[in-house]
Amino acid sequence: MRNSAFPVLAILAVIIAVWYAGAVYMNAPWQRDVYARAGTEASPIQFVKDTWAQERPVLPAPHQVAEEIWNTTVEKAITSKRSLVYHAWVTLSSTLLGFIIGTAFGILLAVGIVHVRSFDMSLMPWIITSQTIPILAIAPMIIVVLAAVGITGLLPKAFISTYLSFFPVTVGMVKGLRSPDTIHLDLMHTYSA
Numbered sequence: 019m020r021n022s023a024f025p026v027l028a029i030l031a032v033i034i035a036v037w038y039a040g041a042v043y044m045n046a047p048w049q050r051d052v053y054a055r056a057g058t059e060a061s062p063i064q065f066v067k068d069t070w071a072q073e074r075p076v077l078p079a080p081h082q083v084a085e086e087i088w089n090t091t092v093e094k095a096i097t098s099k100r101s102l103v104y105h106a107w108v109t110l111s112s113t114l115l116g117f118i119i120g121t122a123f124g125i126l127l128a129v130g131i132v133h134v135r136s137f138d139m140s141l142m143p144w145i146i147t148s149q150t151i152p153i154l155a156i157a158p159m160i161i162v163v164l165a166a167v168g169i170t171g172l173l174p175k176a177f178i179s180t181y182l183s184f185f186p187v188t189v190g191m192v193k194g195l196r197s198p199d200t201i202h203l204d205l206m207h208t209y210s211a
């Protein structure tokens, strides 16, 4: 355990150190401007502290991000639109709805493909081709087109989840429904199953 935890902690420490250094670098021009307008000079240590404590930094320091996460998850009411818990629920609900619709659609397609030969010949190539389109390219188009026809809110996001989930369900069920041997099917007929 100790041997496996040390490299992970070392990498995490390096990432945080680079993040803090990046925060100083990215926030330094604005801090220099603040000092120039005030006509003051600061020691290097005070300068670094001030770049890590800006109200609206270009790159927030890790402690500022942790503080904001704490404020928006614990200190805000769950029903507040500024709460991360509220937004996590919105994301989860649209994702689950999309996965349920995608699973049902995938099962229906798989049953149709296995039992109707023309579905197999006509739909399966299009189902496979549908996965060559990057979701980052099609997601904005889905949102815009559905909003143009008056469908907004949860359903456009759920449709994207549906698009992502129907393919593995369809392909997996087609493979599973075609995999039993003839002897196994005869056994099920014998049991009237």
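Mind the numbering: the sequence shown is residues 19 to 211 in my numbering, read in order. For glycine and all other residues, C-beta sits at the position ideal for the given N, C-alpha and C. A quick note: this is a predicted structure, and the numbers were derived from the prediction, not measured.
For Ser183, which option in Thr91, Ala79, Leu115 has the closest C-alpha, if you only look at C-alpha atoms? Numbered from its first residue, the sequence shown carries residue 183 at position 165. Taking only the C-alpha atoms, the option nearest Ser183 is Leu115.
Looking only at its own chain, which residues have a Cβ that is under 6 angstroms from the Cβ of Lys175, when we skip the five neighbours before and after it? The residue you call residue 175 lines up with position 157 of the sequence shown. Hits under 6 angstroms: Ser112.
Let me know the secondary structure DSSP gives Leu77 once reduced to three states. Taking the sequence shown and counting its residues from 1, the one referred to as residue 77 is at position 59. Looking at Leu77 - three-state DSSP - the assignment turns out to be coil, as it is neither helix nor strand.
For Phe185 versus Ser140, is the C-beta spacing smaller than 8 angstroms? Start at 1 with the first residue of the sequence shown, and residue 185 comes out as number 167. Start at 1 with the first residue of the sequence shown, and residue 140 comes out as number 122. No, Cβ-Cβ distance for Phe185 and Ser140 is not below 8 angstroms.
Once DSSP output is grouped into helix, strand and coil, what is the label at Glu86? Within the sequence shown, the letter at position 68 stands for residue 86. It is helical.
Kindly give me the distance between the Cβ atoms of Pro102 and Thr109, rounded to whole angstroms, as I take these residues to be in contact under 8 angstroms. Walking along the sequence shown from the start, residue 102 turns up at place 84. Walking along the sequence shown from the start, residue 109 turns up at place 91. Contrary to the premise, residue 102 reads as Leu rather than Pro in this sequence. Not quite, the Cβ-Cβ distance comes to about 10 angstroms (not below 8 angstroms), so this is no contact.
Would you kindly report the start and end of the unbroken alpha helix (DSSP H) that includes Ile169? In the sequence shown, counting from the first residue as 1, residue 169 sits at position 151. It is not in any alpha helix (DSSP H) - Ile169 carries neither H nor E in the DSSP assignment.
Alpha helix (DSSP H) containing Ser140: first to last residue? Here residue 140 refers to the residue found at position 122 when the sequence shown is read from its first residue. Per DSSP, Ser140 belongs to the alpha helix (DSSP H) from 135 to 148.
Thr200 to Val132, Cα distance in whole Å? Counting from 1 along the sequence shown, the entry for residue 200 is found at position 182. Counting from 1 along the sequence shown, the entry for residue 132 is found at position 114. About 15 angstroms.
Would you mind giving the Cβ-Cβ distance between Pro75 and Ala41, rounded to the nearest angstrom? I have them listed as a contact below 8 angstroms. Indexing the sequence shown from 1 puts residue 75 at position 57. Indexing the sequence shown from 1 puts residue 41 at position 23. Contact holds; Cβ gap of about 7 angstroms.
Output the distance between the C-alpha atoms of Ala84 and Pro158, rounded to the nearest integer angstrom. Along the sequence shown, one-based indexing puts residue 84 at 66. Along the sequence shown, one-based indexing puts residue 158 at 140. Using only the alpha carbons, I get a separation of about 30 angstroms.
What does a CB cutoff of less than 7 angstroms around Phe65 pick up in its chain, not counting 5 residues either side in sequence? As a first step, residue 65 is located in the sequence shown; it is residue number 47 there, counting from the start. The residues are Gln49.
Residues in its own chain within less than 6 angstroms of Thr121 by CB, not counting five upstream and five downstream? Sequence index remark: in the sequence shown, residue 121 carries index 103 (1-based). Here the set comprises Val187.
In angstroms with no decimal places, state the Cα-to-Cα distance between Ile161 and Tyr181. For the purposes of this step, residue 161 is taken as residue 143 along the sequence shown, with counting starting at 1. For the purposes of this step, residue 181 is taken as residue 163 along the sequence shown, with counting starting at 1. If I take the Cα positions, the gap works out to 13 angstroms.
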